[in-house]
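Asks: If you scroll down you'll find the structure; I have some questions about it.
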Amino acid sequence: MPLEPEVPDVPELPELPLVPEEPDEPELPDVPELPELPEEPLVPEEPDVPDEPLEPVVQNHLEEFVRYLKWILIARNEFNRFKIANPETLTDIQWAVRFYCLLKMAYNSKIPNQFFRVSKKRQQSLNLLRIEEDLSAVHRRLARVYIENMHYADLIRRFDGPETFFYVAPPYYGLEDYYGKDIFHREDFGILRDLLTTINGKFIMSINDTPEIRELFKGFNVSTAATNYKSIGKIKRVSELLITNYEPAASTRTCGLF
Ligand SMILES: C[S@@+](CC[C@H](N)C(=O)[O-])C[C@H]1O[C@@H](n2cnc3c(N)ncnc32)[C@H](O)[C@@H]1O
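Just add 4 to wherever you are in the sequence shown, counting from 1, and you've got my numbering.
Structure representation (structure tokens):
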């Protein structure tokens, strides 16, 4: 067995020069207790995922935004080029242009699962000669509007009151993922129903006509309205449910819900 090498004596460390002792902590005078702040109701802790910067770009760089759009072609290849572009590699203006073009060129102007819309009958909705006018019309419509971005349950609790009127337009039953994954689940219809049972305000909800929704909301006034579902090249007449917590005035008028 090999012998363990002898460890040399470690010389004692010299004493450190005297460090002045820390003075005792001075006694702090009693701090008067702060009055409790009123609880801010349901403010989200974290802002959501950063939005595409369309609004700030339109506000701050309108000329440049329009200039980018000036020579864009409404073409499937252009659409696909926008689709695969990674926003992280784009400037804010390019990112806003990408978002705007995809939205305008996509079927149903939806965000997830966008695909290029073409029609034998309709013109393209992105009118490159009227960008500023179109944006300005939206801007005028929203001039006196608050825009929120929060979970429906928080929003309903936050804004409920005897004078409040809610128009509730959840995703369709059976198409809960249509607006993105995991933001609305089938169980949310029950949660929404329970919440709407407790509110002080009034609501009207539009939703597709299914036995499950009729069963869930049978405690409210349920009526139907004729509307059209548009799919590529076809128009289908359907009946939608209108659900209210008040007696609606009788009307057989056909409504355009969206
Ligand atoms: C049928 S659309 C309503 C369309 C709207 N009425 C309009 O005219 O544009 C359903 C909307 O619910 C939103 N949504 C889905 N899940 C939500 C949730 N958990 N909280 C709040 N909104 C939600 C979707 O993003 C979508 O905009």
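Note that CB positions come from ideal geometry on N, CA and C, so glycine has one too.
1) Helix, strand or coil: which one does DSSP assign to Val142?
2) In the structure shown, what three-state DSSP assignment does Lys108 receive?
3) Less than 8 Å between the C-beta atoms of Ala230 and Arg218, yes or no?
4) Sort Met109, Ile247, Pro57, Ile97 by Cα distance to Glu67 and report the nearest one.
5) Is the segment 127-146 touching the segment 173-183 in the sense that three or more CB pairs, one from each, lie closer than 8 Å?
6) Select from Ala79, Lys114, Leu106, Ala89 the residue whose C-alpha is nearest the C-alpha of Tyr183.
7) Thinking C-alpha only, which one of Arg197, Gln118, Val70, Phe188 is nearest Arg80?
8) In terms of residue numbering, what span does the alpha helix (DSSP H) encompassing Val122 cover?
9) Taking only the alpha-carbon atoms, compute the straight-line gap between Arg102 and Asn225 and give it to the nearest angstrom.
10) When DSSP labels each residue in this structure, what does Thr93 get in the three-state scheme?
11) Rounded to whole angstroms, what's the CA-CA distance from Lys206 to Ile187? Just pull it up for me.
12) For Pro243, I'd like the list of residues in its chain whose CB is within less than 8 Å of its CB, leaving aside the five on either flank, ordered along the chain.
13) Tell me whether Tyr156 sits in a helix, a strand or coil according to DSSP, three-state version.
14) Measure the CB-CB distance between Trp99 and Glu59 and report whether it falls below 8 Å.
15) Bridge partners for Ala229 per DSSP, in chain order?
16) Assuming Arg121 and Tyr111 make a contact with CB atoms under 8 Å, what is their CB distance in whole Å?
17) Cutting at 7 Å between CB atoms, please list the residues of its own chain near Pro166, excluding the five before and the five after it.
18) Need the endpoints of the beta strand (DSSP E) that Ile151 sits in, please.
19) Look at the alpha carbon of Gln128 and the alpha carbon of Thr201, and state the distance between them as a whole number of angstroms.
20) Answer yes or no: the CB of Pro174 versus the heavy atoms of ligand 1, is any distance below 7 Å?
21) Give every residue of the same chain whose Cβ lies closer than 6 Å to the Cβ of Tyr91, excluding the five residues on either side of it in the sequence, and list them in chain order.
22) Return the CA-CA distance between Trp75 and Asn64, expressed in angstroms with no decimal places.
23) Based on the DSSP output, what are the partners of Val172 in its beta bridges?
Replies: So, from the data block:
1) Three-state DSSP puts Val142 in a helix.
2) In this structure, Lys108 counts as helix in the three-state DSSP scheme.
3) Not a contact, by the Cβ cut-off of 8 Å.
4) If we check each option's Cα against that of Glu67, Ile97 comes out closest.
5) A contact between stretches requires three or more CB pairs, one per stretch, nearer than 8 Å, and the segment 173-183 fails this requirement with the segment 127-146.
6) For the residues Ala79, Lys114, Leu106, Ala89, the minimum Cα distance to Tyr183 belongs to Lys114.
7) Ranked by Cα distance from Arg80, the options Arg197, Gln118, Val70, Phe188 are led by Gln118.
8) Where Val122 is concerned, there is no enclosing alpha helix (DSSP H), given that its DSSP letter is neither H nor E.
9) Distance between the alpha carbons of Arg102 and Asn225 is about 43 Å.
10) For Thr93, the secondary structure class from DSSP, reduced to helix, strand or coil, is helix.
11) Spanning the two alpha carbons is a distance of roughly 24 Å.
12) According to the sequence as given, residue 243 is Ser; it is not Pro. Cβ within range, chain order: Asp213, Thr228, Ala229, Ala230, Thr231.
13) When secondary structure is reduced to three states using DSSP, Tyr156 falls in the helix class.
14) Contact flag unset, no.
15) Partner(s): Glu244.
16) The Cβ separation is near 4 Å, so the contact holds.
17) Excluding positions up to five away in sequence, the list reads Asn204, Gly205.
18) No beta strand (DSSP E) holds Ile151; DSSP gives it neither H nor E.
19) Taken atom to atom, the span from the alpha-carbon of Gln128 to that of Thr201 is near 43 Å.
20) At a threshold of 7 Å, Pro174 counts as near ligand 1, since its beta carbon sits closer than that to one of the ligand's heavy atoms.
21) Rather than Tyr, the amino acid found at residue 91 in this sequence is Pro. Residues of the same chain with a CB within less than 6 Å of the CB of Pro91, apart from the 5 flanking positions on each side, are Trp99 in chain order.
22) Going by the C-alpha atoms only, they are around 21 Å apart.
23) Paired residues: Met209.
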